[in-house]
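Residue numbers (this note's numbering): 0 to 488.
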Ligand code: BG6
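In structure tokens, the structure reads:
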């Protein structure tokens, strides 16, 4: 029998992805303001328990603001990409990247979110990074907001619940489009826009103990609305300022299967999936879906959304849909007595047919194909996989890192993409591997949860030389890109 061929369209955008708060470090350098992420301490609470990682109170803020240099706040140091980006981009170019997904730290461009003038040193940093990418013909894919609101939004405002944050954010977006539009054509507004529901702190600068006058859910849904208005305004503005631009939304593509074929498990699953899509639906269709309006009504939430906002949502719909995809799990109407599995800031019923990563995430390449088809059928917009990858513990031996597990994960997901394109007719623009260089984990803040093709010598406590080492997967991905996805052996 002939071996199956995996092919990709000409010009397919292969690359890697990072986020400023997880890699840059240099948290208080050159006028950068302090962010929520800079205030999240390292916590030894077990790999699976993301809820404890995100539990955060006013007392934690005070501690962070007064912490000395010995305190362990991993995002403050990241992998020091701020000072290493030239060397790192050179290695991305060696792998053959066509695209590099990065985010701009709002707090570098505006030290305080309510400042009137931007910080020129912050602008110069990104301008230089864009020039460096251009040198190697790597197209930037820029996320405006990847989980790093200013801490000032918590202390002096009420996070994204405060309506004035919309204007502060659009002021930041405008500076980015005006100053960086000549370098970047692909833009995303908010990373994992649905994440406000799961971790309102890092997405929305919302700290529960600051909302004693209302149910916290009311604050979350209002903050979400405000963020969507800001997103739509940014999309419209980007189209006006950068005429060639393509602006996308970004969702966490969590994929659940019904645990059994019982109709009630199917119903539970359908509800869960709608929960994942509800905000992306607004960004694509420009209006609140009926099921979300019903949910808001049922919960008795009072969301302020004047007519002018609804008009803005209509005018600021996106050009493409991007998403993160790592794992799948199952849904059941009744979960008592069932084994549960952790995932990307969610817990689901464990799927007995899937293997798990060291962090318990159930890896599932077929789920990627299913997700691509589902998203394409739902939205009829080009798709972009902007995060996919395997977090694992790597070992350096004789200056080398052998990571066959990562190669295997990559290979199977590349095959799934090819099938979705060639057999299912999905329009997929590109693929950026998450954490293409090791960086600090979002949910656990560990360095030891490594995704990269490039190893960075720093541990969970900040010890190490920050030296970069190419892993075996570095050479494998290079080969995949060189052959445009054909050579997978
Ligand atoms: C995505 C986030 O949800 O998952 C990233 O956009 C994050 O910021 C990635 O790093 C992987 O999750 P984790 O918790 O393993 O870092």
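Beta carbons are placed, not taken as given, at the ideal position from N, Cα and C, and that holds for glycine.
In this text the structure is predicted, and so the values were computed from the model without any measurement.
Which term fits residue i, buried or exposed, when burial requires 16 or more other beta carbons within 10 angstroms of its beta carbon?
i, result
"residue 57", "exposed"
"residue 107", "buried"
"residue 236", "buried"
"residue 82", "exposed"
"residue 260", "exposed"
"residue 218", "buried"
"residue 264", "buried"
"residue 157", "buried"
"residue 34", "buried"
"residue 89", "exposed"
"residue 246", "buried"
"residue 118", "buried"
"residue 121", "buried"
"residue 192", "buried"
"residue 68", "exposed"
Residue range of the alpha helix (DSSP H) that residue i falls in?
i, result
"residue 154", "151 to 154"
"residue 414", "403 to 421"
"residue 472", "471 to 481"
"residue 65", "57 to 65"
"residue 356", "Segment: none, residue 356 is in no alpha helix (DSSP H) and carries neither H nor E."
"residue 554", "A query on residue 554 cannot be resolved here, the shown segment of the chain reaching from 0 to 488 and no further."
"residue 292", "289 to 298"
"residue 366", "364 to 378"
"residue 304", "Residue 304 -> no alpha helix (DSSP H), and no H or E assigned at all."
"residue 3", "First-last for residue 3: undefined, no H or E at that position."
"residue 392", "Segment: none, residue 392 is in no alpha helix (DSSP H) and carries neither H nor E."
"residue 51", "49 to 53"
If you follow the beta strand (DSSP E) that residue i is in, where does it begin and where does it stop?
i, result
"residue 386", "382 to 386"
"residue 22", "Here residue 22 belongs to no beta strand (DSSP E); instead the alpha helix (DSSP H) covers 19 to 22."
"residue 322", "319 to 323"
"residue 327", "327 to 330"
"residue 12", "12 to 16"
"residue 346", "346 to 348"
"residue 340", "339 to 341"
Of the residues the options, which one's Cα is nearest the Cα of residue i?
i, options, result
"residue 252", "400, 312, 370, 118", "370"
"residue 433", "397, 412, 17, 6", "17"
"residue 178", "111, 125, 101", "125"
"residue 2", "462, 195, 414", "414"
"residue 437", "406, 279, 474, 390", "390"
"residue 425", "378, 407, 465", "378"
"residue 406", "388, 68, 216, 423", "388"
"residue 274", "204, 286, 250", "250"
"residue 215", "228, 200, 229", "200"
"residue 280", "268, 231, 328, 239", "231"
"residue 110", "142, 103, 98, 149", "149"
"residue 361", "382, 325, 375", "325"
"residue 41", "32, 66, 238, 27", "66"
"residue 209", "159, 226, 224, 247", "159"
"residue 84", "312, 73, 99", "99"
"residue 32", "95, 71, 105, 73", "105"
"residue 408", "53, 292, 383, 354", "354"
"residue 314", "322, 299, 284", "284"
"residue 440", "9, 119, 72", "72"
"residue 306", "4, 486, 297, 287", "287"
"residue 267", "350, 256, 172", "256"
"residue 28", "462, 93, 75", "75"
"residue 459", "445, 95, 162", "445"
"residue 241", "291, 186, 221, 196", "186"
"residue 395", "351, 463, 368, 375", "463"
"residue 21", "435, 475, 486", "435"
"residue 343", "334, 176, 327", "327"
Between residue i and residue j, how many whole angstroms is the CB-CB distance? I'm expecting something under 8 Å.
i, j, result
"residue 472", "residue 402", "5 Å"
"residue 144", "residue 189", "5 Å"
"residue 429", "residue 132", "In fact, because the Cβ distance is near 15 Å, the residues do not count as touching under 8 Å."
"residue 469", "residue 453", "6 Å"
"residue 357", "residue 392", "6 Å"
"residue 24", "residue 78", "7 Å"
"residue 233", "residue 102", "Not really, about 14 Å apart at Cβ, beyond 8 Å."
"residue 372", "residue 419", "6 Å"
"residue 329", "residue 348", "4 Å"
"residue 254", "residue 366", "5 Å"
"residue 203", "residue 213", "Not really, about 14 Å apart at Cβ, beyond 8 Å."
"residue 228", "residue 165", "6 Å"
So is residue i in contact with chain D if we call contact Cβ pairs under 8 Å?
i, result
"residue 399", "Judged by its chain identifiers, the structure shown contains no chain D, having just a single protein chain."
Whole beta strand (DSSP E) elements within the region 93 to 143, 3-residue minimum: If only complete runs of 3 or more residues are kept, the region 93 to 143 shows the beta strand (DSSP E) at 98 to 102, in order along the chain.
Suppose only complete runs of 4+ residues qualify. What are the alpha helix (DSSP H) ranges in the region 429 to 464, listed by chain order? DSSP runs (the alpha helix (DSSP H)) wholly in the region 429 to 464: none.
Considering only residues of the region 157 to 229, which uninterrupted beta strand (DSSP E) runs meet the minimum length of 3 residues and lie entirely inside it, listed in chain order? Secondary structure within the region 157 to 229: the beta strand (DSSP E) runs of 3 or more consecutive residues, fully enclosed, are 185 to 189 (chain order).
In the region 233 to 267, which residue ranges form an unbroken beta strand (DSSP E) of at least 3 residues, counting only runs that do not cross its ends? Counting only runs of 3 or more residues that sit fully inside the region 233 to 267, the beta strand (DSSP E) segments are 245 to 251, 254 to 257, in chain order.
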